[in-house]
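Here is the structure we will look at.
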Amino acid sequence: MMARRTGRQRNQLPNCYYEGYLEKRSFKDKTSRKLWTCLCGNTLFFFNEMRDVDYIDKLDLRGFISVTDDNSQDRNLDAARFNLHMKDGNIKFTAPNAEARELWKGYIYSVAELCIPSSLNLLPGQVHMLKEVVELEKDRIKSTPPTNLTNTSTYVSVQADMPVCFHNVSRLEAELLLEREAKRGNLLLRPGRNVNCFAVSTRQDLDGSIFRHYLVTPRAVGGFTIDVDNPVFCATLQDVINYLVEKTDGSLTPLITEERYEKSIYFIRSDKENGETSVQEASSNVRPIVPPKPGAQKIATPEQVPVEEYCFYLNDKLMEDKKGTEGSPAVPLSTERNVPKKALTPPSVAPRKVAPTTSPPFTNFSTNRDLKMRTPIDPLGQTISELKQKLEKKAKSHESLFPN
Numbered sequence: 013m014m015a016r017r018t019g020r021q022r023n024q025l026p027n028c029y030y031e032g033y034l035e036k037r038s039f040k041d042k043t044s045r046k047l048w049t050c051l052c053g054n055t056l057f058f059f060n061e062m063r064d065v066d067y068i069d070k071l072d073l074r075g076f077i078s079v080t081d082d083n084s085q086d087r088n089l090d091a092a093r094f095n096l097h098m099k100d101g102n103i104k105f106t107a108p109n110a111e112a113r114e115l116w117k118g119y120i121y122s123v124a125e126l127c128i129p130s131s132l133n134l135l136p137g138q139v140h141m142l143k144e145v146v147e148l149e150k151d152r153i154k155s156t157p158p159t160n161l162t163n164t165s166t167y168v169s170v171q172a173d174m175p176v177c178f179h180n181v182s183r184l185e186a187e188l189l190l191e192r193e194a195k196r197g198n199l200l201l202r203p204g205r206n207v208n209c210f211a212v213s214t215r216q217d218l219d220g221s222i223f224r225h226y227l228v229t230p231r232a233v234g235g236f237t238i239d240v241d242n243p244v245f246c247a248t249l250q251d252v253i254n255y256l257v258e259k260t261d262g263s264l265t266p267l268i269t270e271e272r273y274e275k276s277i278y279f280i281r282s283d284k285e286n287g288e289t290s291v292q293e294a295s296s297n298v299r300p301i302v303p304p305k306p307g308a309q310k311i312a313t314p315e316q317v318p319v320e321e322y323c324f325y326l327n328d329k330l331m332e333d334k335k336g337t338e339g340s341p342a343v344p345l346s347t348e349r350n351v352p353k354k355a356l357t358p359p360s361v362a363p364r365k366v367a368p369t370t371s372p373p374f375t376n377f378s379t380n381r382d383l384k385m386r387t388p389i390d391p392l393g394q395t396i397s398e399l400k401q402k403l404e405k406k407a408k409s410h411e412s413l414f415p416n
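Structure (structure tokens):
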């Protein structure tokens, strides 16, 4: 499967066919370096780390001769070495294992020669992927416009492969930038006085700031020339920068103003016991909290009123009838729900007063204590008792008018 990089500015690099960590050591390097390597188009780009955006070096495969195995032993028994033979020298690489070495050899050979190597030990699926890479590289070469030095598009075409120290500033702005950012570097590449030309501006200290500017012009046969007394020919603008850094023994360093970003999450924690503060690294295995979906928030509902406040009781009607019978005006019940109403227990009905001149035809009560402890009188029985009293009064008045 062809690897695809994420988080990188794809418009600055060709299509990435394969990538991974490789230990690189050229003929001019004393020690090998483990770098993240990307095969983009027909060029190998090298990065310090996998997440880096800016490459630190690159290798154009147009000078490719061959790629062979290196069977020398490595301290890592699983590692596998191979040599890349170029026209300007040999470069040693170390892959993590033998399978990765075969893949790197296959991709490099396929891109450089535009054909599948037959001497490699590859699986059918891997051979199929190499065939796809060959076709993609052929299409890329066809779609790349030829270099035309008489046209202003030359300047635009090389911008896709600009070094990271390129700054679109004027001569005076370059000097001010180098003065202000002296701690970050003292060399930058900028546009030249002509459309197709570039310039390298440098700053060094010798009893004050010393600025120098070098003209870089494109060549008719391809590449660039550092326009000095003894002209220096370079294949790319990055090679121009590398040449100046190497020839000055590293006293000139490219000015890179891009800010670096943290690769882990850090926070400051205070110890409650001793009050000391320290920098902590957040754990990466914490499960993220998923935010709620929009519109799914709970809608607040009005507080429910207890059902007891809306209840009516049977004794309400009984109390109203009793008060009306005793001659007192009945109090109307409030039907408004906003007025809370307390639950009432059935009231005890007071005994009805009897006229002193009339004695009831049934059993009399001896004491007030017996009257208080008597159960409530039935309303129907009271009515019958009143009718009997009225009949007795009427009978007595009749006897007084018509004595025997």
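Heads up, the sequence shown is in the numbering used here, so the first residue is 13 and it goes up one at a time.
Even for Gly, the Cβ is constructed at its ideal location relative to N, Cα and C.
Self-check item: L399 versus K405: straight-line alpha-carbon distance, rounded
Solution: L399 and K405: Cα-Cα distance of roughly 10 Å.
Quiz item: To the nearest angstrom, how far is it from the Cα of F374 to the Cα of Q401?
Solution: For F374, the predicted structure reports a pLDDT of 46, less than 50, and the residue's modelled location is therefore unreliable. A value from the coordinates is still provided. Our two residues, F374 and Q401, have alpha carbons roughly 12 Å apart in a direct line.
Quiz item: Does the count of Cβ pairs from the segment 219 to 231 and the segment 189 to 206 closer than 8 Å reach three?
Solution: As far as the Cβ criterion goes, the segment 219 to 231 touches the segment 189 to 206, which means the pair count is three or higher.
Quiz item: In or out: H97 buried (at least 16 other Cβ within 10 Å) or exposed?
Solution: Within a 10 Å sphere around the beta-carbon of H97 sit fewer than 16 other beta-carbons, which makes this residue exposed.
Quiz prompt | Residue environment, Y121, which counts as buried when at least 16 other CB atoms sit within 10 Å | solution = Buried, by the Cβ-count rule.
Exercise. Counting only the same chain and skipping the five closest in sequence on each side, list residues whose C-beta sits under 6 Å from that of D81.
Key: Cβ neighbours of D81 beyond the five flanking positions: F94.
Self-check item: Contact set for N109: own chain, Cβ-Cβ below 8 Å, skip 5 residues either direction
Solution: Around N109: D90, A91 and A92.
Self-check item: 8 Å CB neighbourhood of R45 in its chain, flanking five on each side removed
Solution: The residues are E35, K36 and R37.
Practice problem: Determine the direct distance from the alpha carbon of D72 to that of G53, and round the result to whole angstroms. | Solution: Going from the Cα of G53 to the Cα of D72 covers about 9 Å.
Practice problem: Report the three-state DSSP secondary structure of L132 (helix, strand or coil). | Solution: In this structure, L132 counts as coil in the three-state DSSP scheme.
Practice problem: Would you kindly work out how many angstroms separate the C-alpha atoms of V139 and G262, rounded to a whole number? | Solution: When rounded, the distance between both Cα atoms is 43 Å.
Self-check item: Nearest neighbour of K99, chosen from L51, R74, E285 and L267 [CA to CA]
Solution: The residue with the shortest Cα to Cα distance from K99 is R74.
Quiz item: Which whole runs of the alpha helix (DSSP H) in the segment 95 to 144 are 4 residues long or more, in chain order?
Solution: Taking only runs of at least 4 residues, the alpha helix (DSSP H) segments lying wholly in the segment 95 to 144 are 110 to 125.
Self-check item: Between the CA atoms of L218 and L51 - distance to the nearest angstrom
Solution: Each residue's CA atom was taken as its position, placing L51 and L218 some 42 Å apart.
Quiz item: I think D69 touches I268, with their Cβ atoms under 8 Å apart; what is that distance to the nearest whole Å?
Solution: That belief does not hold up - the Cβ atoms of D69 and I268 are roughly 14 Å apart, past 8 Å.
Practice problem: Compare the C-alpha of S276 against each of E258, Q292 and L115 and name the closest. | Solution: The candidate whose alpha carbon is nearest that of S276 is Q292.
Exercise. Spatial neighbours of L264 within its chain, please: CB distance less than 7 Å, with the 5 preceding and 5 following residues excluded, ordered by chain position.
Key: Excluding positions up to five away in sequence, the list reads N198, L199, T214, L256 and V257.
Exercise. Compare the Cα-Cα distances from H225 to each of V233, A247 and L190 and report the closest residue.
Key: In this structure, L190 is the residue among V233, A247 and L190 with its C-alpha nearest to the C-alpha of H225.
Practice problem: Return helix, strand or coil for L218, following the three-state DSSP convention. | Solution: Reduced to three states, the DSSP call for L218 is coil.
Exercise. Determine the direct distance from the alpha carbon of M62 to that of A107, and round the result to whole angstroms.
Key: Rounded to the nearest angstrom, the gap between the Cα atoms of A107 and M62 is 16 Å.
Exercise. Locate the beta strand (DSSP E) running through D72, then write down its first and last residues.
Key: For D72, the uninterrupted beta strand (DSSP E) run begins and ends at D69 to D72, by DSSP.
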